[in-house]
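These notes concern the structure reproduced below.
2 protein chains.
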Amino acid sequence: MDNSAFKILVVDDENDILEFIQYNLKKEGYDVYLAHNGQEAIDIGRKIKPDLILLDVMMPVMDGIEACKQMKFDPDFANTFIVFLTARSEEYSEIAGFQAGADDYISKPIKPRVLVTRLNAILRRKVKVQPDTKLTVGDIVIDRETFLVFRKGEKIQFARKEFELLFLLASKPGKVFTRDYILEKVWGDEVLVVDRTIDVHIRKIREKLGDEHIGTVKGVGYKFEA
Amino acid sequence: MDNSAFKILVVDDENDILEFIQYNLKKEGYDVYLAHNGQEAIDIGRKIKPDLILLDVMMPVMDGIEACKQMKFDPDFANTFIVFLTARSEEYSEIAGFQAGADDYISKPIKPRVLVTRLNAILRRKVKVQPDTKLTVGDIVIDRETFLVFRKGEKIQFARKEFELLFLLASKPGKVFTRDYILEKVWGDEVLVVDRTIDVHIRKIREKLGDEHIGTVKGVGYKFEA
DNA sequence: ATTACCCTTAACAATTTGGTAAACTTTACT
DNA sequence: AGTAAAGTTTACCAAATTGTTAAGGGTAAT
Numbered sequence: 000m001d002n003s004a005f006k007i008l009v010v011d012d013e014n015d016i017l018e019f020i021q022y023n024l025k026k027e028g029y030d031v032y033l034a035h036n037g038q039e040a041i042d043i044g045r046k047i048k049p050d051l052i053l054l055d056v057m058m059p060v061m062d063g064i065e066a067c068k069q070m071k072f073d074p075d076f077a078n079t080f081i082v083f084l085t086a087r088s089e090e091y092s093e094i095a096g097f098q099a100g101a102d103d104y105i106s107k108p109i110k111p112r113v114l115v116t117r118l119n120a121i122l123r124r125k126v127k128v129q130p131d132t133k134l135t136v137g138d139i140v141i142d143r144e145t146f147l148v149f150r151k152g153e154k155i156q157f158a159r160k161e162f163e164l165l166f167l168l169a170s171k172p173g174k175v176f177t178r179d180y181i182l183e184k185v186w187g188d189e190v191l192v193v194d195r196t197i198d199v200h201i202r203k204i205r206e207k208l209g210d211e212h213i214g215t216v217k218g219v220g221y222k223f224e225a
Numbered sequence: 000m001d002n003s004a005f006k007i008l009v010v011d012d013e014n015d016i017l018e019f020i021q022y023n024l025k026k027e028g029y030d031v032y033l034a035h036n037g038q039e040a041i042d043i044g045r046k047i048k049p050d051l052i053l054l055d056v057m058m059p060v061m062d063g064i065e066a067c068k069q070m071k072f073d074p075d076f077a078n079t080f081i082v083f084l085t086a087r088s089e090e091y092s093e094i095a096g097f098q099a100g101a102d103d104y105i106s107k108p109i110k111p112r113v114l115v116t117r118l119n120a121i122l123r124r125k126v127k128v129q130p131d132t133k134l135t136v137g138d139i140v141i142d143r144e145t146f147l148v149f150r151k152g153e154k155i156q157f158a159r160k161e162f163e164l165l166f167l168l169a170s171k172p173g174k175v176f177t178r179d180y181i182l183e184k185v186w187g188d189e190v191l192v193v194d195r196t197i198d199v200h201i202r203k204i205r206e207k208l209g210d211e212h213i214g215t216v217k218g219v220g221y222k223f224e225a
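If you read the protein sequences in the order shown, they are chains A and B. Just so it is clear: in the first sequence, position 194 is 193 by numbering that gives the first Met the number 0, and no numbers are missing. Just so it is clear: in the second sequence, position 188 is 187 by numbering that gives the first Met the number 0, and no numbers are missing.
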């Protein structure tokens with residue numbers, strides 16, 4: 000299976016365990032990143048936007064439960080699954096872990112086959128269940144499920160056409176979209192609308208989001224700028 | 000597998016390691032280049048545009064982390080993967096490395112099979128993921144997706160016709176394009192414009208990009224020079 | 001039924017880009 | 001060197017493209 004698209008962040012304070020897990024996941028083709036405690040996990044996670052975080056419960060500096068709670072409220076981790084690593088004796092943590100918002104857990108001692116099988120299953124579920132509902136670009140989060148856009152945590156309301164246009168542009172920041180392409184994607188093949196319509200919607204988006212986010216390339220089209 | 004197209008730049012201050020890696024990669028058919036420190040890596044890398052850089056973390060003159068940060072902001076390395084070489088004891092560097100923008104890392108001591116397998120995987124991914132929207136010639140990067148042109152990292156705005164003309168010339172550096180050919184490609188068959196028009200656009204390109212990049216062949220046409 | 005909001009269009013303003021002529025410079029050739 | 005041809009540059013105007021505003025018709029919610 001080609002897992003190269005999946006990023007997994009492994010968090011544990013013991014280097015032996017990190018390396019052991021890393022070795023087994025790399026072999027499967029996952030992109031593996033490492034952190035040693037909850038705080039580090041959050042810092043690194045914000046940057047790399049992992050698909051899944053393997054989180055040890057017991058850690059110094061910030062334990063897994065606390066880190067998990069924080070991440071569940073952070074839009075940067077909106078599309079991230081969290082799986083706890085628990086020692087067999089820590090049954091209670093399993094419960095506390097689910098209350099903190101974890102999606103699954105795996106018990107130590109870790110068996111490679113179990114680990115890999117479980118993660119494969121979870122990530123397959125992710126692909127099926129979550130067709131990337133949230134799109135995060137710079138300080139902007141666009142959620143196609145709720146039709147909401149956040150800028151620095153502030154909620155902004157967009158009308159449907161505006162939203163779809165913004166979503167399209169933001170789906171590939173920097174890329175210039177021609178009007179023809181925009182019409183086809185946002186309005187569809189049959190619909191016949193005039194070019195100026197796009198301009199007007201662009202203007203409304205700029206009004207709400209700030210001019211700096213939508214760029215014009217004369218003679219070509221528009222682009223989203225992060 | 001035919002890896003002859005892939006250029007790999009190996010950077011390490013120890014000659015033994017350089018030779019060891021070089022031997023193993025050459026055997027796989029890669030084009031291997033060598034550098035002894037970060038500064039050298041950047042200088043050589045600018046010239047050869049490697050597909051991948053194997054970068055030792057600990058080095059004199061400029062360490063791997065610093066070199067990596069610089070390269071990540073340099074359009075010359077826009078299409079280059081960076082893989083760190085870390086001693087097993089330097090776990091922290093692994094994380095600092097990712098924060099600096101590395102794409103992967105390999106731990107010393109290096110095992111030939113691991114090295115080769117990992118690099119093959121990374122480069123296969125590169126081919127699949129990046130359908131090269133960027134055109135890099137000398138110190139100039141032309142991106143037709145974002146309609147941006149960079150010279151030594153500095154962003155330059157081009158009007159549409161200028162951009163298209165530049166893109167055409169740069170698509171085959173050194174080749175001389177006749178005015179007739181340029182007219183057909185940039186303006187199309189039907190459009191009727193005077194020869195002098197091309198000259199004017201050439202002048203605008205030279206103004207923005209520097210005279211040295213566009214050459215004139217009297218009686219024939221123009222060419223892009225790297 | 002009324003209200004509020006959304007989508008679209010038209011009209012006009014503002015801006016950018018493209019094209020040409022004409023003057024000027026360089027090159028090639030006799 | 002002198003001359004003609006080719007290329008360069010400047011300045012200006014025309015054309016194309018985009019920005020902005022306002023207004024009408026439609027639709028969904030109250």
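Idealized CB from N, CA, C, for every residue including glycine. Nothing here was measured: the structure is a model prediction, and the numbers come from that model.
Inter-residue spacing [alpha-carbon to alpha-carbon] between residue i and residue j
i	j	result
residue 84/B	residue 55/B	5 Å
residue 150/B	residue 86/A	55 Å
residue 209/B	residue 74/B	18 Å
residue 105/A	residue 111/A	11 Å
residue 40/A	residue 137/A	19 Å
residue 15/B	residue 29/B	19 Å
residue 35/A	residue 42/A	11 Å
residue 173/A	residue 72/B	16 Å
residue 64/A	residue 44/A	16 Å
residue 17/A	residue 82/A	15 Å
residue 92/B	residue 204/A	For residue 92/B, the pLDDT reaches just 44, beneath the cut-off of 50, and the residue's location in the model is therefore unreliable, leaving the point undetermined.
residue 171/A	residue 7/A	23 Å
residue 142/B	residue 167/A	20 Å
residue 139/B	residue 58/B	29 Å
Where residue i falls: helix, strand or coil (DSSP)
i	result
residue 53/B	strand
residue 28/B	coil
residue 143/B	coil
residue 69/A	helix
residue 109/A	coil
residue 34/B	strand
residue 44/A	helix
residue 1/A	Low per-residue confidence applies at residue 1/A: pLDDT is 48, beneath 50, and the placement is therefore not dependable enough to give any value.
residue 91/B	At residue 91/B the pLDDT is 44, less than 50, meaning the model places this residue with poor confidence; the figure from the coordinates comes in the next sentence. Three-state result, residue 91/B: helix.
residue 149/B	strand
residue 191/B	coil
residue 267/A	Because chain A in this structure spans residues 0 to 225, residue 267/A falls outside the shown range and cannot be described.
residue 101/A	coil
residue 203/A	helix
residue 116/B	helix
residue 171/B	coil
residue 156/B	coil
Proximal chain A residues relative to residue i, where beta-carbon distance stays under 8 Å
i	result
residue 227/B	Coverage of chain B is limited to positions 0 through 225, which leaves residue 227/B absent and any answer about it impossible.
residue 153/B	Here the premise fails: no neighbours, minimum Cβ distance about 17 Å.
CB contact flag (residue i, residue j, <7 Å)
i	j	result
residue 21/A	residue 31/A	yes
residue 220/A	residue 185/A	no
residue 52/B	residue 79/B	yes
residue 146/B	residue 216/A	yes
residue 214/A	residue 206/A	no
residue 37/B	residue 77/B	no
residue 161/B	residue 200/B	yes
Beta-carbon neighbours of residue i, restricted to chain B and to distances below 7 Å
i	result
residue 218/A	159
residue 6/A	Those do not exist, as residue 6/A stays about 10 Å from chain B at its closest Cβ, beyond 7 Å.
Under 7 Å from the C-beta of residue i: neighbouring residues of chain A
i	result
residue 146/B	175, 216 and 219
Beta bridge counterpart(s) of residue i as assigned by DSSP
i	result
residue 220/A	177/A and 216/A
residue 83/A	54/A and 104/A
residue 134/A	141/A
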